[in-house]
Structures are given as C-alpha cells and as structure tokens.
Amino acid sequence: MIESQQYQHISPALTVEDLKQVTEVSKHDEQGRDIDVKEESKKEIDQSQASVQVSKEGISEFLDFKKHWDSNWRRANLEAAKMVVEMLNNSETGLIVVSNITQYRQDKDANVECSNENPYSLRGLIISGKSKNLQFGTFWTFMIKSKFVILEDVYIDGNVYAIDCELQCKENSAIAVQLIVTKNTVLGPTVNTFIPSPIQWNAKIHCDIPRQLQDLEEKAQQYLQNQQFESTISHLQKMLQISTEIFGLDSVWAIEAYNRLGDAYYNKQQHDQAIKYFEKALNICLKVFDVNHIWAGNLYYCLGTASCCSGQYGQALEYHEKALKIKLNVLGTTHVWVSDSYYNLAAVYYNKKQYDKAIESYESALKIRLDVFGNNHKEVAWAYSTIANTYYYRNQYDKAADYYEKALKIKLDILGIKNTEVAQLYYYLGATHANRDKYDKAIECHKKALMIRKEIFGNAHIEIGYSCINLGLAFAEIDEDAVAYEYYEEAWKIFSALLGEWHEETIEAKEAVQQLSESLRDQK
C-alpha cells in the first residue's frame, strides 16, 4: 500500500564520517564448499533448476545495472533481499539500504550533536544502534528495524527496500537507483525529493531467482579456481539457461553468464571460444546499456586480451583502444582500471615489437599507478619492471638498468631479500649490466640472485641453473676461466638431472664446460 502520511522534524544530512563512526562493518566474505566429482556437480545444477518457473507477467528490470553493475552490487542486493524475506517471516518492519558509501552527501553542519537527532531519521536510527551492516567491496548493506523511517537531506547512491514500515522522504532526500516496497509499506509525500517510482516487492524475482543464479556463479568460480573447467562451464551454461528463460535473451544476467563463459574458456587457453562468448556478452551489453557504459569497456578489454593471446594483434589493438576510451570517459584519467587498459595496450605493441609505442603506454600506466598507490607499492614496482623489459628488448640497456633498479628497491622494501621476485629482478639486472659490459656489476647481481634462489629452492632447481650459466658467461668475459668453469659445470649437472642429457640447455652447458676445460689445459 502506498499512501500519504506526514511528520514534522529537522534532520541533518547523513555523511560518510557519521556512518564510519556509528557503525561497525562486518566484512562479508564468500565461503564455498569443496566439490570434487562431476556427479555432485550435476546434482547441484539440477537442484538449482528447481522452482525457477515463474510467470513472466510483471517481470521488470528488477535490479538496475545502469549506474552500478559489478558482482559486489549484485551480492549486496541479494543479501538485502534475504534480509527482506527474514524480516517478513518475523513480522518485522524497517528499511534496508544498499549504497555506495563513498557517495553520501557531506553534512551541512558537521558540528550537529547526536542528541539532536530525530529518533526515526536514518541517521538517528543508525546512531541508536538499530542497524545491521555488511560490506561488499564499495557497497554497504544496512538493515534498520523500525516502524517509522525518515529520509531527509540524504543521498543514497543505490537501492532502498522498505519492509511494511512508514517511510517519509523529506526535502533534499534522494535514492539514486530503486525503491522496492512490500505490500504494507506506507510511503509519504515526496516533495522536493528525488525518489524513484516504487517497485512492488516480489520474493521470487527479487530473491529466489537471483539466489539460484548467484549460487551457480559462485560454484562456477570455485571450479575455475581449481581449474575444473568442464564443471565451471556446465554451471555457467545452466546460469545462462535460467537467466534467459526468466529474464529473456537480452538481460544483464545473460551478459554476466556469457562474460564468465568467456573467462572460463580464456583460462582453458581456448582463446577463440573465449572471444565468441565475450562477443555475445558485448552485443547484449550494447543493446541494454549506453555505448559508453563501463561494462562495455570491460568487455572490450577482455576481447582485446583474448585476441592478443590468439595472435590477432590488429583486432586486439582496436578492442583495447575502445576499452581505454570508455574508461577515460567514465572513470577519468586517474583510475586503476584506466591504468590496466594502458598496460594491455602496451602489451599488444610489445608483441608487435613496436617498442616505442609500448613504452609510451607503459609510462601512462605508471603515472596513474604512482598517483593511486604512491611510490612504494608492488603495482608500481611491476610497472617499472615491465618498462625495463621493454627497454631491454630495444637494446637500451642504460634505461633498462635504471627501471630495474627502481623496481628492485621497492620489492626489497616490501618483500625483503629472501623472495623469488627479488631474485628475478637481480637476475634481470645482472643480464642488463652484462649487456652494458659492466661485468663486475653483473656478477654482483647474479651472485645475489643465486644466493636467494639456493636459500629458497635448494641446490637443484632450474632457476639456479640459469643463474650459474649467467655467472659462467660473466666470469668468462673477464677471463676468469677457472671460476667460469665451476659455474658452467654446476649448471650442466642441474640441467642434466632436470632436463635430460639431450636437452638444448644441457648440451650448451656441456659444450661450454668442454671449451673451458680445453682453454684451462692450454693455459697450463
């Protein structure tokens, strides 16, 4: 029931700081059951299909994805729907809010005393401790139990679920996405507000079906993490079937199912199949949303990555350029997703051996990472090392060494010396110094890499063999043949044991040992 009823009060705006101070956020993390056999997988799918039959009459776009669209948004709203069912079953009344907390309007009077709050205002109810709160990424789900709730001077960047309460929406209040109401909700007048038309609560559409789809999605993700690709794909195919039967061929759930199928085939190294499913997702996305929607940007990004892996570099460039354009338009120039697009664009140029363009894109990505993370972060270190790799393959060894050293400094600060990533950077830096004919520095770096690798792996590991080979090369260049012989011999033994006598690496190490042996005999 939606009718008019009036209340008089004065309530200040709800702010980010208010919520941080008066609520204790419970992080909601996904816990999955271990599933080992295909029979169990089939059983789960059959169970998920049960009770999905629902009349298509009255089905609307129940969860608006135009403003928010990611998995955290869906999970937060599913949790809200479960709360609605729980409250209805317990004959409870109140409000559930799903919102991006960072978007709350700043308080017009930061010095307002909490004691002045109307006890039925949203802020007052939260202050009184009558809220249950869960966090899903940047979204919070608040459950507030009360017969009366008043919104005034508050911006809710998300959805509101009103459960059989009397809801008053006063001046300067706004709900950015949807207002869902149960049948006994009383909604007061909405003067000078931005409140969407209320949507009638439907347990099947708002809770049961999304729960089944989410369950399939989460189980598919568990299988994917375990590289059980067939089970992953079968769950996602069932997710696609249910979503298209209930919501039609062009729904956001179909986009997500196709997107995840593309991801599954990508991880299975079937890149052509991945492209096929990413394209299906993109085609629906362009029908449902604006061409500049961020979801389209992410799908172009996925298509670019899959195309690059399949060697279709021209197509990959086109996709990554479209992804970058959308992300710049939607997110601005200092968002980490924009940085990711620059990285992938650079990777395509790198594979095309267009190193100047690759470096330009890598530098753009680095600048964003520095702005977002600061100077001493692993993502910045990774950016430095990718730029260093590119300079290395352009034979610009001085610049490569400079960037490797920057990456190494950060990794040492963050990870300490006994780490494989630190060893790898010492190894790369050693190879770079060797190409600069700075063999003393090369030897110093390769010795550090070897020391770390032996501490981590023991004495018989392929990476130790590579370190020994490079030390042998460096010592041979400065005519210390006896030392070079020892390192080549150690590499030969490792490669022979791990790769076999007739492997290319083994044969090269053996030949180096034989040549140095002859040289040492001649020197006597």
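Letter by letter, the sequence shown follows residues 1 to 524 of UniProt numbering.
Glycine included, C-beta positions come from ideal geometry on N, C-alpha and C.
Here the structure is a predicted model, which means the values were calculated and not measured.
From the options, pick the residue whose C-alpha is nearest to that of residue i; which is it?
{"i": "A484", "options": "Y392, F495 and S467", "result": "S467"}
{"i": "C165", "options": "L151, N159 and S146", "result": "S146"}
{"i": "Y265", "options": "K238, V288 and T232", "result": "T232"}
{"i": "L224", "options": "F278, K268, T138 and A358", "result": "K268"}
{"i": "H206", "options": "T193, K238 and A80", "result": "A80"}
{"i": "L303", "options": "F373, E279, Y362 and I242", "result": "E279"}
{"i": "I144", "options": "F136, K406, V84 and L179", "result": "V84"}
{"i": "I387", "options": "D356, I414, N435 and V372", "result": "D356"}
{"i": "T270", "options": "S243, G311 and A281", "result": "According to the sequence provided, residue 270 is Gln. The question's Thr does not apply to it. Looking at the Cα atoms, G311 is the closest of the given residues."}
{"i": "Q463", "options": "Y439, Y427 and T432", "result": "Checking the sequence shown, residue 463 turns out to be Glu, not Gln. Nearest C-alpha to E463: Y427."}
{"i": "Y161", "options": "H433, E152 and P196", "result": "P196"}
{"i": "A274", "options": "G248, D290, T305 and K287", "result": "T305"}
{"i": "K276", "options": "N292, Y300 and F289", "result": "Y300"}
{"i": "T138", "options": "M87, D70 and L179", "result": "D70"}
{"i": "L187", "options": "D402, I417 and L95", "result": "L95"}
Buried or exposed, going by whether 16 or more other CB atoms sit within 10 Å of the CB of residue i?
{"i": "V348", "result": "buried"}
{"i": "H503", "result": "exposed"}
{"i": "K183", "result": "exposed"}
{"i": "K67", "result": "exposed"}
{"i": "T93", "result": "buried"}
{"i": "Q106", "result": "Any reading at Q106 must be qualified, since the residue scores a pLDDT of 38, below 50, and its modelled position is unreliable; the value itself is stated next. Answer is exposed; the Cβ neighbour count stays below 16."}
{"i": "E505", "result": "buried"}
{"i": "K170", "result": "buried"}
{"i": "S91", "result": "exposed"}
{"i": "R521", "result": "exposed"}
{"i": "A482", "result": "exposed"}
{"i": "D250", "result": "exposed"}
{"i": "K287", "result": "exposed"}
{"i": "V252", "result": "buried"}
{"i": "A512", "result": "buried"}
{"i": "G332", "result": "exposed"}
{"i": "E256", "result": "buried"}
{"i": "N226", "result": "exposed"}
{"i": "D440", "result": "exposed"}
{"i": "A509", "result": "buried"}
{"i": "A460", "result": "exposed"}
Using a Cβ-based criterion (distance less than 7 Å to any ligand heavy atom), does residue i qualify as near the ligand SAH?
{"i": "D153", "result": "Within the structure as shown, the ligand SAH is missing, as the structure has no ligands at all."}
Tell me the residue span of the beta strand (DSSP E) that contains residue i.
{"i": "Q178", "result": "Q178 to V181"}
{"i": "E245", "result": "Where E245 is concerned, there is no enclosing beta strand (DSSP E), although the alpha helix (DSSP H) it sits in stretches over F229 to F247."}
{"i": "V160", "result": "G158 to I163"}
{"i": "Q225", "result": "Premise fails: Q225 lies in the alpha helix (DSSP H), I209 to Q225, not in any beta strand (DSSP E)."}
{"i": "N100", "result": "G94 to N100"}
{"i": "I150", "result": "F148 to L151"}
{"i": "I144", "result": "F139 to K145"}
{"i": "E166", "result": "E166 to C169"}
I believe residue i touches residue j by the beta-carbon criterion, under 8 Å. Please report the beta-carbon distance rounded to the nearest angstrom.
{"i": "L236", "j": "R260", "result": "5 Å"}
{"i": "A491", "j": "I469", "result": "5 Å"}
{"i": "C308", "j": "A316", "result": "4 Å"}
{"i": "V330", "j": "I294", "result": "5 Å"}
{"i": "Q241", "j": "L78", "result": "Actually they are not in contact, since the Cβ atoms of Q241 and L78 sit about 19 Å apart, beyond 8 Å."}
{"i": "L370", "j": "Y404", "result": "That pair is no contact at about 17 Å."}
Could you please give the first and the last residue of the uninterrupted alpha helix (DSSP H) stretch that includes residue i?
{"i": "T506", "result": "E504 to Q523"}
{"i": "E501", "result": "Element bounds for E501: n/a, residue is neither H nor E."}
{"i": "F475", "result": "I462 to E477"}
{"i": "Q369", "result": "According to the sequence provided, residue 369 is Arg. The question's Gln does not apply to it. From DSSP, the alpha helix (DSSP H) with R369 extends over Y355 to F373."}
{"i": "G314", "result": "Y313 to L331"}
{"i": "S91", "result": "First-last for S91: undefined, no H or E at that position."}
Item to check | Stretch pair the stretch 193-203 + the stretch 218-238: three plus CB contacts closer than 8 Å | outcome: no
Next on the checklist: If contact is defined by three or more beta carbon pairs under 8 Å, each pair taking one atom from either stretch, is the stretch 408-416 in contact with the stretch 391-400?
Outcome noted: no
Item to check | Inter-stretch contact (C-beta, 8 Å, three-pair minimum) for the stretch 352-360 and the stretch 373-385 | outcome: no
Item to check | Inter-stretch contact (C-beta, 8 Å, three-pair minimum) for the stretch 449-461 and the stretch 473-480 | outcome: no
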